[in-house]
Amino acid sequence: MPTGDEPYYTPLCESTYSGNNDVSMWLLNHQADAQKTNKEGVTPLHFVSMRGITGGLEADDGLSKLVKCLRRAGASLTSRIPDSHYDEKLRGKIPLQLAAADSSRFPKRMMHLLAPCLHSQRRFQPRFFSDISFLTTINNEAADEIVRALVHKVTKEPDVLTTFRLDAQLPGQTDRLAGIMYAAPQAAATMMDMLMVDPEVQDADKHNFPTRRRFWRGFDNPHMTCIYRPDVIQREGVMLPAWKFDSAKAWEDQPDIAWHRGFLPEFSSDSTRSNRHNVYSVSVKSILLPNVLDIDMFMALAQTEKDQLSVFSKLSVQGMIHCLWDNLIQDLWLASMVMNFTELLAYAWWGLLWHDELPTGDKSQVRFCCAVITAGALRQFLNMGVLTYNLLRKWRNHTDMTMASMWRPTSSLYLDWCPPTLFLSLIELAFSWETQRAAASGQDFQMNDQQALLMAFNVLVKCSKMLYAFRLCTLGMRIHAIIESLLGGATREMLIITVSIFLSFSVAFAVLDSGHGFGWVIASAYRGLLYGDGDGMNNLGLDISSRSGFEHPDNPYLTALLVLGSSFFNVIILNLIIAVYGNEYDKVEHDSPLLFQHSRARNCVMYTLTCDVFFWRGHSFQKLLYAAAATLFISGLCSHLSSLSCWISAALFAFAQFTFQAAQLQCDWFSAEGVAANQAEHFVWICHRSDVYEKGTCREGEHEHAQSVENQLVRVKTYVKKRLESVEQKVTGLDLKLDAILEKLTVKGTPGSTPASRQRLLPQALGP
Numbered sequence: 138m139p140t141g142d143e144p145y146y147t148p149l150c151e152s153t154y155s156g157n158n159d160v161s162m163w164l165l166n167h168q169a170d171a172q173k174t175n176k177e178g179v180t181p182l183h184f185v186s187m188r189g190i191t192g193g194l195e196a197d198d199g200l201s202k203l204v205k206c207l208r209r210a211g212a213s214l215t216s217r218i219p220d221s222h223y224d225e226k227l228r229g230k231i232p233l234q235l236a237a238a239d240s241s242r243f244p245k246r247m248m249h250l251l252a253p254c255l256h257s258q259r260r261f262q263p264r265f266f267s268d269i270s271f272l273t274t275i276n277n278e279a280a281d282e283i284v285r286a287l288v289h290k291v292t293k294e295p296d297v298l299t300t301f302r303l304d305a306q307l308p309g310q311t312d313r314l315a316g317i318m319y320a321a322p323q324a325a326a327t328m329m330d331m332l333m334v335d336p337e338v339q340d341a342d343k344h345n346f347p348t349r350r351r352f353w354r355g356f357d358n359p360h361m362t363c364i365y366r367p368d369v370i371q372r373e374g375v376m377l378p379a380w381k382f383d384s385a386k387a388w389e390d391q392p393d394i395a396w397h398r399g400f401l402p403e404f405s406s407d408s409t410r411s412n413r414h415n416v417y418s419v420s421v422k423s424i425l426l427p428n429v430l431d432i433d434m435f436m437a438l439a440q441t442e443k444d445q446l447s448v449f450s451k452l453s454v455q456g457m458i459h460c461l462w463d464n465l466i467q468d469l470w471l472a473s474m475v476m477n478f479t480e481l482l483a484y485a486w487w488g489l490l491w492h493d494e495l496p497t498g499d500k501s502q503v504r505f506c507c508a509v510i511t512a513g514a515l516r517q518f519l520n521m522g523v524l525t526y527n528l529l530r531k532w533r534n535h536t537d538m539t540m541a542s543m544w545r546p547t548s549s550l551y552l553d554w555c556p557p558t559l560f561l562s563l564i565e566l567a568f569s570w571e572t573q574r575a576a577a578s579g580q581d582f583q584m585n586d587q588q589a590l591l592m593a594f595n596v597l598v599k600c601s602k603m604l605y606a607f608r609l610c611t612l613g614m615r616i617h618a619i620i621e622s623l624l625g626g627a628t629r630e631m632l633i634i635t636v637s638i639f640l641s642f643s644v645a646f647a648v649l650d651s652g653h654g655f656g657w658v659i660a661s662a663y664r665g666l667l668y669g670d671g672d673g674m675n676n677l678g679l680d681i682s683s684r685s686g687f688e689h690p691d692n693p694y695l696t697a698l699l700v701l702g703s704s705f706f707n708v709i710i711l712n713l714i715i716a717v718y719g720n721e722y723d724k725v726e727h728d729s730p731l732l733f734q735h736s737r738a739r740n741c742v743m744y745t746l747t748c749d750v751f752f753w754r755g756h757s758f759q760k761l762l763y764a765a766a767a768t769l770f771i772s773g774l775c776s777h778l779s780s781l782s783c784w785i786s787a788a789l790f791a792f793a794q795f796t797f798q799a800a801q802l803q804c805d806w807f808s809a810e811g812v813a814a815n816q817a818e819h820f821v822w823i824c825h826r827s828d829v830y831e832k833g834t835c836r837e838g839e840h841e842h843a844q845s846v847e848n849q850l851v852r853v854k855t856y857v858k859k860r861l862e863s864v865e866q867k868v869t870g871l872d873l874k875l876d877a878i879l880e881k882l883t884v885k886g887t888p889g890s891t892p893a894s895r896q897r898l899l900p901q902a903l904g905p
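Numbering-wise, the sequence shown is residues 138 to 905 according to the numbering used here.
The following block contains the structure:
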């Protein structure tokens with residue numbers, strides 16, 4: 138009871154504070170006021186958010202009903218606890234924030250009940266991104282649950298989808314979605330799917346989308362083509378990408394739509410076989426999120442964990458990656474491949490020349506090879522410096538904790554690339570330094586065995602690096618499955634077990650064969666156990682060159698151990714390794730397209746950060762950069778021909794390559810911040826094959842896996858059908874037998890003519 142005008146505790150506040158669901162529901166059913174607060178300004182819904190309700194398995198259903206009843210009784214999801222509250226942890230909090238706290242007993246999987254964005258009664262009140270972004274900082278499961286509830290709500294209330302799209306086009310939402318993508322990839326990918334629409338067609342009668350398109354590009358056969366355009370119209374406050382065309386004007390008078398013919402070229406429906414090659418039915422979609430080609434979005438995708446790779450099966454995600462890769466980053470990748478191949482040729486040419494006496498011309502060739510190799514290492518140092526600077530700049534500029542965590546210098550993306558690259562570049566520089574120092578002392582670029590070994594190591598590394606980089610091409614997609622199979626848990630464990638067993642046998646051989654060194658025993662065991670080599674087995678006691686030597690071996694225990702070890706390795710271990718690797722490959726093979734997209738996203742980030750040196754200043758400035766790169770390269774050649782120091786030529790070559798890469802990244806429609814040079818809102822357009830992509834989800838690379846599953850289901854269905862037919866035959870026979878027995882039992886005058894007697898006699902008639 139109140140004392141004078143002092144605020145009081147309502148019964149509903151007391152019941153919700155204690156978690157008593159039955160009492161709370163009774164009070165609400167008897168018109169209790171859900172808006173009344175206690176003396177600290179806390180509403181019953183706040184108490185429910187903090188305390189939940191008591192109960193067992195039925196508590197979830199009861200909690201859901203209680204929250205809905207509180208909302209119907211007037212409880213607000215946006216009401217805040219007064220700032221004057223004695224507990225600073227509760228001040229200014231809404232129910233959703235209270236439920237997200239670690240100390241709350243409110244089930245995290247049910248937080249969609251408290252999300253204001255899902256239950257707002259005001260039309261066009263955009264707060265979806267803010268609510269979901271907030272939950273990702275607390276609990277990823279809750280964010281996924283809210284997005285699933287949002288998808289379910291959109292199917293029933295179209296206005297909610299319009300509000301969601303309006304929310305997506307507010308300033309700063311791309312960065313917010315990047316944070317959601319980093320913390321809860323599945324939720325972010327689902328949100329992007331909700332933003333997929335068919336572009337508006339301004340004049341469908343005169344200029345509509347073609348329904349068929351040819352997909353072919355050299356060795357690469359893509360399944361989609363993408364473009365980044367600002368062509369939009371406004372409808373209900375939402376910007377919609379539009380396929381514009383003015384029928385009153387000629388094509389030549391509409392330069393703003395010249396990109397139409399490149400994106401969807403006109404196709405002649407000729408019935409000849411040659412003209413139908415690589416021609417497919419297509420659909421066109423666009424993403425309603427403006428400026429989605431933001432480096433933050435790609436950084437979030439690049440750091441997606443392996444258990445979340447399914448986000449790369451979404452059409453929206455693949456469209457982003459294809460758009461940036463095909464239109465910009467692919468040229469940087471090709472240039473990098475050419476540079477690495479040139480360095481590999483320089484290593485190979487030098488390696489073939491140094492063995493012989495070198496005439497003057499060959500010395501000049503070796504000096505040129507040395508300059509090319511050194512230039513490659515210096516270019517890598519320049520790239521690492523720019524990468525580190527851009528990474529630290531992004532890390533410091535982000536005030537949001539999630540975004541700052543995504544850009545931290547200790548991220549796996551940075552550590553996976555920078556330390557190995559730095560190590561290999563130092564080895565190349567050490568090799569160049571040693572050989573040039575030897576040349577300065579009068580040895581004419583001759584190498585000793587240690588330098589030759591270092592060159593061989595560099596050649597192997599360059600070859601491996603180029604092969605690994607080839608995984609970014611469609612033809613090299615299977616490289617992902619091969620690498621993942623080698624690094625898989627079962628394969629790794631099997632290799633560790635094999636090495637352990639091999640070392641155990643080797644130590645045992647060394648103990649029994651005390652006349653040879655341990656290295657000799659290891660080599661013989663390697664040849665004999667793993668490869669069944671005859672010389673290796675002869676060394677360890679299976680020498681049958683003479684009859685007497687085999688009948689009276691020097692060490693019969695060594696021979697017996699070798700027989701046991703070779704049988705064990707060749708019959709069991711090696712077959713197990715093959716089986717385990719094959720099983721791992723089968724498991725990851727259908728994930729190759731997802732790993733392929735993931736790898737492209739990572740490289741989009743790395744190439745952008747390593748080559749983002751200059752801001753866009755126009756096409757003239759880009760041409761000036763290309764001219765500067767050519768000038769530096771020619772200066773390097775002149776320096777080489779003038780017999781100047783290799784370091785001067787190498788530095789000029791390195792700066793030429795670095796400037797060329799920086800010029801390639803210059804673009805008026807893309808920047809690392811996602812905003813085009815003209816500040817216009819750009820949207821991704823996706824033209825995709827209809828037979829590969831369906832309902833926003835990529836089916837590329839899954840056809841074979843689905844076919845395999847379907848074949849297994851057919852075999853299971855056939856087996857079950859045969860078993861059912863057999864059971865049906867047995868049941869039919871049993872029915873006939875029962876009919877005959879019952880007919881005998883029901884004959885007039887027999888003792889079993891009554892139902893009770895028939896029931897007693899039936900088991901006896903059937904027998905055991």
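Glycine included, C-beta positions come from ideal geometry on N, C-alpha and C.
Query                                                                                                           : Result
Cβ contact check for the segment 149-161 and the segment 180-192: 3 or more pairs under 8 Å                     : yes
Burial state of Trp462, where buried means 16 or more other Cβ atoms lie within 10 Å                            : buried
Gly141 classed as buried or exposed, judged by whether at least 16 other C-beta atoms fall within 10 angstroms  : Note that Gly141 scores 47 on pLDDT, short of 50, meaning its location in the model is unreliable and no value can be drawn from it.
Backbone secondary structure at Pro139 - three-state DSSP                                                       : Note that Pro139 scores 46 on pLDDT, short of 50, meaning its location in the model is unreliable; the coordinates nonetheless yield the value given after this. If DSSP states are grouped into helix, strand and coil, Pro139 belongs with coil.
Option in Asn534, Ser776, Phe518 with minimal Cα separation from Asp555                                         : Reading the sequence as shown, one finds Cys at residue 555 and not Asp. It is Phe518.
Cβ contact check for the segment 324-342 and the segment 275-290: 3 or more pairs under 8 Å                     : yes
Sequence-distant residues of the same chain with beta carbon closer than 8 Å to His167, five excluded per side  : none
Cβ distance (whole Å) where Trp753 is taken to contact Arg366 below 8 Å                                         : So it is not a contact: roughly 17 Å between Cβ atoms.
Pairwise C-alpha distance: His256 and Ala325                                                                    : 20 Å
8 Å contact criterion, which Phe346 and Val421 should meet: CB distance rounded                                 : 5 Å
Exposure label - Tyr744; buried when at least 16 CB within 10 Å                                                 : buried
Helix, strand or coil at Met247 [DSSP, three-state]                                                             : helix
Own chain partners of Phe435 with C-beta closer than 6 Å, once the 5 adjacent residues on each side are dropped : Ala738, Cys741, Val742
Neighbour-count burial assignment, Glu565, 16 or more Cβ in a 10 Å radius                                       : buried
Contacting residues, own chain, Cβ-Cβ under 6 Å from Asp431 (five flanking each side not counted)               : Thr311, Gly811
Gln734 vs Ile370 beta-carbon contact at 7 Å                                                                     : no
For Leu425 and Arg323, believed in contact at Cβ under 8 Å, the rounded distance                                : The question names Arg, but residue 323 is Gln in the sequence shown. So it is not a contact: roughly 20 Å between Cβ atoms.
Environment of Ser408 [buried if 16+ CB atoms lie within 10 Å]                                                  : Confidence at Ser408 is low in this model, with a pLDDT of 48, below 50, so the placement of that residue is unreliable and no value is reported for it.
Three-state secondary structure (DSSP) of Gly156                                                                : coil
Endpoints, beta strand (DSSP E) assigned at Val369                                                              : 369-372
Straight-line gap, Ser270 to Ala315 (C-alpha atoms, nearest Å)                                                  : 9 Å
The segment 479-488 contacting the segment 587-603, beta-carbon criterion three pairs below 8 Å                 : yes
Ala236 vs Leu251 beta-carbon contact at 7 Å                                                                     : yes
Residues near Ala618 in its chain [Cβ-Cβ closer than 7 Å; skip 5 each side]                                     : Tyr722, Val725, Glu726, Ser729
Selection from Pro336, Ala800, Cys804, Thr768 that minimises the alpha carbon distance to Leu789                : Thr768
Buried or exposed by the 16-neighbour rule on C-beta atoms within 10 Å, applied to Met540                       : buried
Rounded straight-line distance, which links the Cα of Arg629 to that of Cys363                                  : 39 Å
Which residues DSSP lists as bridging Val421, in chain order                                                    : Cys824
Which of helix, strand or coil DSSP assigns to Ile634                                                           : helix
Opposing strand residues paired with Glu225 [DSSP bridges]                                                      : Per DSSP, none; premise fails for Glu225.
Simplified DSSP assignment, three categories, for Ala567                                                        : helix
Exposed unless 16 or more other CB atoms sit within 10 angstroms - verdict on Pro181                            : buried
Sufficient close CB pairs (3 or more, under 8 Å) joining the segment 334-343 to the segment 378-392             : yes
7 Å Cβ cutoff met for Leu303 and Ala439                                                                         : no
Lys230 - partner residues in DSSP beta bridges                                                                  : According to DSSP, Lys230 bridges with nothing at all.
Short CB-CB distance (under 7 Å) between Ala817 and chain D                                                     : No chain D appears in this structure, which consists of one protein chain only.
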